[in-house]
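Okay, structure first, notes after.
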Amino acid sequence: MQVLAKVYTPLSLANSGYIAGAGAGIVTVQGKPASRKIWLLDAVTMAVEQVATSLKNGHYLFLGLDPAKEYLVMVRDHKKEYEPFAWDYVKPANDLTIAEQQTLWQTWQT
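For the sequence shown, counting from 1, position 99 maps to 98 in numbering that gives the first Met the number 0; every step adds exactly one.
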């Protein structure tokens with residue numbers, strides 16, 4: 000099964016963890032929500048796991064993650080005005096079902 004979220008992300012029932020840009024964790028530029036490319040890397044190997052783009056409202060969602068792993072989430076400014084921002088050793092949440100994750104994503108589309 001695949002879900003469209005700016006990129007196709009393969010989902011697995013075995014890996015139902017997710018990392019969401021919500022609340023204070025949205026992408027901002029000068030304190031305002033912004034759309035930027037976001038990289039998700041394995042915190043141990045530094046291999047790129049997924050790449051997404053936040054919505055104009057700053058929200059983003061990485062799906063199909065292993066809840067036992069830790070990740071590095073990095074945002075870069077394509078305009079080269081600001082240094083990259085990163086959250087390190089992020090553990091995916093697994094408190095929502097895949098259907099609930101999709102519902103969350105849909106609520107951010109407006």
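Quick reminder that beta carbons are idealized off the backbone N, C-alpha and C, glycines included.
Spatial neighbours of residue i in its chain, beta-carbon cut-off 8 angstroms, leaving aside the 5 residues before and after
i: Ala98; result: none
i: Ala85; result: Leu71, Val72, Met73, Val74
i: Thr106; result: none
i: Ala92; result: Gly16, Tyr17, Ile18, Ala19, Pro66
Residue i vs residue j beta-carbon contact at 8 angstroms
i: Val26; j: Tyr59; result: yes
i: Asp87; j: Ala42; result: yes
Spatial neighbours of residue i in its chain, beta-carbon cut-off 6 angstroms, leaving aside the 5 residues before and after
i: Lys5; result: Per-residue confidence for Lys5 stands at a pLDDT of 47, beneath the threshold of 50, marking its modelled position as unreliable; the derived number appears in the next sentence. Taken in chain order, the residues that qualify are Ala51, Thr52.
i: Lys90; result: Glu69
i: Lys55; result: Ser34
i: Lys36; result: Thr52
Assumed close pair residue i, residue j - CB separation to whole angstroms, cut-off 8 angstroms
i: Gly57; j: Gly22; result: Contact flag wrong, Cβ pair sits at about 10 angstroms.
i: Leu62; j: Gln100; result: 6 angstroms
Beta-carbon proximity list for residue i, same chain, < 7 angstroms, skipping 5 on both sides
i: Pro83; result: Met73, Val74, Arg75
i: Trp38; result: Val47, Val50, Met73
Is the stretch 49–68 close to the stretch 13–20, with three or more CB pairs under 8 angstroms?
yes
Taking 8 angstroms as the threshold, find out whether the stretch 76–85 comes into contact with the stretch 45–58 through three or more Cβ pairs.
no
What alpha helix (DSSP H) runs, 4 residues minimum, are completely inside the stretch 1–80?
none
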